[in-house]
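Novice: One structure coming up, written as structure tokens, with questions to follow.
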Amino acid sequence: MQAKSRFTHEADFRRERDFGAKISATFEFVAAQFKPLLKCLFYFVLPGALLAGIGMGLFMGRFLSMVPNASSRYGGPGRLAQSYNPANPFANFTSVLGVGLMMVGFLAAFLLLSSTVYGFVRVRMATPPHEQVQPSRVWAVVWARLGSVIGSFLLLGIILTIGMGVAGGALALIGPGFVVLLLPLLLWVMVCLSLYFPALWMEDGSVTGAFRRSFYLIKGKWWSTFGLYMIITFITGVINYLFILPFYALMISKMLLHWQFDTEILGVATMTFYALGWVFTAVLPLVAMLFQYFNLVERREGLGLRQMINQLGQSPAPQVSNAAYRPDEEGEY
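The opening position of the sequence shown corresponds to residue 61 in my numbering, with each subsequent residue numbered one higher.
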């Protein structure tokens with residue numbers, strides 16, 4: 061049985077892996093580097109996750125307050141609209157504030173999450189095996205590349221918006237029904253771009269260079285990348301579902317027990333718990349796509365193999381010693 065890798069050498073990352081090995085490597089890496097990686101996530105990603113959770117709690121708390129009115133014997137379904145005046149939930153200040161905090165929080169959390177995970181791996185590969193990765197070193201790498209990450213995110217948004225708009229307009233001219241063809245096109249592009257941030261972080265290229273690189277690497281491997289992403293996303297969704305259970309329990313209890321006290325604080329707490337769970341489970345797809353990136357680079361270019369060959373003979377020769385026979389002893393005559 062092959063021993064599990066500790067992922068302390070660059071060669072542990074840069075190697076070819078089949079489908080099952082990439083999924084196994086994802087969980088093995090998280091388990092092996094759990095403590096230092098978790099510390100970095102708490103330092104850099106936790107504020108954004110808390111902000112998103114508070115925003116979700118404020119927004120969903122308005123709907124949670126409507127549950128007793130919709131199910132009580134004095135109300136019924138007709139009371140649902142009357143209990144929420146005005147009818148548009150976005151007209152309520154709390155809901156608008158919640159949506160704003162949620163959008164800003166999740167955007168910041170996603171940018172810092174991907175940057176922290178990939179920055180952590182980059183530092184880990186450059187750190188001696190016996191040393192542990194420190195958050196200060198990870199933050200130095202993240203801060204140095206944060207501008208390019210934000211620029212790449214904006215570039216992707218502009219390209220996708222313009223591209224989908226042009227493609228949608230062209231398909232609409234052919235016929236309204238052809239607009240549905242945008243869905244498979246969008247799916248194809250999104251799977252290709254799943255390698256964008258790994259290429260941006262692991263290579264010292266430009267924002268546009270990482271864009272071209274992701275499409276180059278995925279040639280002939282789109283279906284395997286799509287399958288890996290779907291499987292790891294399904295696993296992540298199942299795990300993430302556990303974090304939303306407290307909110308569902310609160311909503312069902314409110315319906316069955318007809319609680320009359322304000323549960324908005326409990327709603328904020330449960331949604332904050334869910335946001336934190338989302339952050340930590342979202343690490344899995346990021347790591348899986350990183351191992352797919354290393355796998356494709358190794359298949360096309362053999363970078364890891366060349367590095368191992370170049371390192372042969374560079375390590376110092378072992379010092380041979382023997383307690384019984386030493387070269388500085390004359391021996392017995």
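Cβ coordinates follow ideal geometry from the N, Cα and C atoms, glycine included.
Enumerate in chain order the residues of its own chain whose CB-to-CB distance from Tyr178 is below 6 Å, with the five nearest sequence positions on each side excluded.
Specialist: So the list reads Trp261, once near-sequence residues are dropped.
Novice: According to DSSP, is Phe67 helix, strand or coil?
Specialist: Of the three classes helix, strand and coil, the one that applies to Phe67 here is coil, per DSSP.
Novice: Going by beta-carbon coordinates alone, are Phe119 and Met162 separated by less than 8 Å?
Specialist: Yes, the pair counts as a contact, with Cβ atoms nearer than the cut-off.
Novice: Near Phe89, which residues of its chain fall below 7 Å by C-beta distance, leaving aside the five closest residues on each side in sequence?
Specialist: Phe67 and Val347.
Novice: Does Gln194 come out as helix, strand or coil in the three-state DSSP assignment?
Specialist: Gln194: coil per DSSP, three-state reduction.
Novice: Between Ala227 and Leu245, which are expected to be in contact by the criterion C-beta below 8 Å, what is the C-beta distance as a whole number of angstroms?
Specialist: 6 Å between Cβ atoms; contact.
Novice: Are the beta-carbon atoms belonging to Gln352 and Lys82 less than 8 Å from one another?
Specialist: It is a contact, given that the beta carbons lie within the stated cut-off.
Novice: Check whether the Cβ atoms of Gly108 and Ala169 sit closer than 8 Å, and answer yes or no.
Specialist: Yes.
Novice: Between which two residues does the alpha helix (DSSP H) carrying Ala92 extend?
Specialist: Element bounds for Ala92: Phe79 to Ala92.
Novice: Give the single residue among Glu76, Leu206, Gly165 and Ala71 whose Cα lies nearest to the Cα of Asn355.
Specialist: Comparing Cα positions, the closest option is Glu76.
Novice: CA-CA distance, Ile278 and Phe340?
Specialist: If you take the alpha carbons of Ile278 and Phe340, they lie about 27 Å apart.
Novice: Measure the C-alpha to C-alpha separation of Val193 and Arg74 and round it to an integer number of angstroms.
Specialist: Going from the Cα of Val193 to the Cα of Arg74 covers about 19 Å.
Novice: Do you know offhand how far Phe271's Cα is from Leu253's?
Specialist: Roughly 7 Å between the two C-alpha positions.
Novice: Is the separation between the beta-carbon of Gly337 and that of Phe294 shorter than 8 Å?
Specialist: No.
Novice: According to DSSP, is Ile325 helix, strand or coil?
Specialist: It is helical.
Novice: Give every residue of the same chain whose Cβ lies closer than 7 Å to the Cβ of Val198, excluding the five residues on either side of it in the sequence, and list them in chain order.
Specialist: Around Val198: Cys100, Thr176, Gly179, Phe180 and Val183.
Novice: When the distance is taken between beta carbons, is His69 closer than 8 Å to Pro195?
Specialist: Not in contact: Pro195 and His69 (Cβ atoms no closer than 8 Å).
Novice: Flag Glu361 as yes when its Cβ comes closer than 7 Å to any non-hydrogen atom of the ligand MN, and as no otherwise.
Specialist: You won't find the ligand MN in this model; it holds no ligand whatsoever.
Novice: Please determine, among Thr285, Phe213 and Met185, the residue with the shortest C-alpha to C-alpha distance to Val201.
Specialist: Answer by Cα proximity: Met185.
Novice: When we look at the beta-carbon of Gly297 and count the other beta-carbons within 10 Å, is it buried (16 or more) or exposed?
Specialist: Answer is exposed; the Cβ neighbour count stays below 16.
Novice: With 16 as the cutoff for other CB atoms within 10 Å, does Gly158 come out buried or exposed?
Specialist: Counting Cβ neighbours within 10 Å, Gly158 comes out buried, since at least 16 surround it.
Novice: Using 10 angstroms around the beta-carbon of Thr285, count the other beta-carbons present and answer buried if the total reaches 16, otherwise exposed.
Specialist: By the 10 Å Cβ count, Thr285 comes out buried.
Novice: Distance, Cα to Cα, Gly160 vs Ala71?
Specialist: One C-alpha to the other measures close to 43 Å.
Novice: Helix, strand or coil for Val187 per DSSP?
Specialist: Correcting the residue type first, residue 187 is Thr in the shown sequence and not Val. In this structure, Thr187 counts as coil in the three-state DSSP scheme.
Novice: Evaluate Thr268 with the Cβ neighbour count: other Cβ atoms within 10 Å of its Cβ, from every protein chain shown; 16 or more gives buried, anything less gives exposed.
Specialist: Exposed.
Novice: Let me make sure I understand the geometry here. Which of Gly287, Lys281 and Ala329 has the alpha-carbon closest to that of Gly80?
Specialist: The shortest C-alpha separation from Gly80 is found at Gly287.
Novice: Based on Cα-Cα distance, which residue from Arg360, Glu358 and Ile325 lies nearest to Gly121?
Specialist: The option with the nearest alpha carbon to Gly121 is Ile325.
Novice: Specify the secondary structure class of Ile219 as computed by DSSP and reduced to three states.
Specialist: The answer is helix: DSSP assigns Ile219 an H, G or I state.
Novice: Are the beta-carbon atoms of Leu214 and Val105 separated by less than 8 Å?
Specialist: No, the pair does not count as a contact, with Cβ atoms beyond the cut-off.
Novice: Out of Phe153, Ile222, Ala335 and Gly265, which has the shortest C-alpha to C-alpha gap to Gly165?
Specialist: For Gly165, the nearest C-alpha among the options comes from Ala335.
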